[in-house]
Amino acid sequence: MSHAMNQSLTAEDLFSEMKRMPAVERTRFFSLLTGNAFCDDDFSHKQVFGHLQQEPFSAWEAAEYLEVSVPTLRRYVQSGKLVPSHVVGRNQMFSAQTLRAFKRSRS
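Under the numbering used here, the sequence shown has 160 at position 56, and the numbering climbs by one with no breaks.
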């Protein structure tokens, strides 16, 4: 791998190099990565996701968050178990707070 001193390694370059590594070294690399990569970056949930608290979720995003299919999400809405925060045209939008409370109640 020959990169000029002023040129950054791209994700594609790294992936290409990793494919050439022996399996044992790849395993060791991922062990190092998962064990050490984020030790100094101990962010709180609010620091990472705080900006999303006011952003509504689309039906697709809400279904993904709840780990259900979109038809199942629609059934929850039809039965009154889940209420959209607002509707834009034919699109139902859901608040993060409502989804979080609903998910907690289902577990």
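Ideal Cβ positions, reconstructed from N, Cα and C, are used throughout, including at glycine.
Since S162 sits in a beta bridge, which residues does DSSP pair it with? Looking at the DSSP assignment, S162 forms a beta bridge with M197.
Please report the distance separating the alpha-carbon of A205 from that of V128. If I take the Cα positions, the gap works out to 44 Å.
Distance, M125 Cα to F161 Cα: Annotation: F161 to M125 spans about 41 Å, alpha carbon to alpha carbon.
Using the three-state DSSP reduction, which class does V181 fall into: helix, strand or coil? Shown here, V181 sits in a helix according to DSSP, grouped into three states.
How long is the line joining the alpha carbons of F134 and R179, rounded to whole angstroms? Cα to Cα, the separation comes out at about 41 Å.
Quick check on V172: does DSSP put it in helix, strand or coil? Coil at V172, not helix or strand.
Sort out for me which residues DSSP pairs V192 with in a bridge. In DSSP, V192 forms a bridge with N195.
Beta carbon proximity, Q111 to chain C, threshold 8 Å: The structure shown contains no chain C; it holds only a single protein chain.
CA-CA distance, S120 and S199? Looking at the two C-alpha atoms, the distance is approximately 41 Å.
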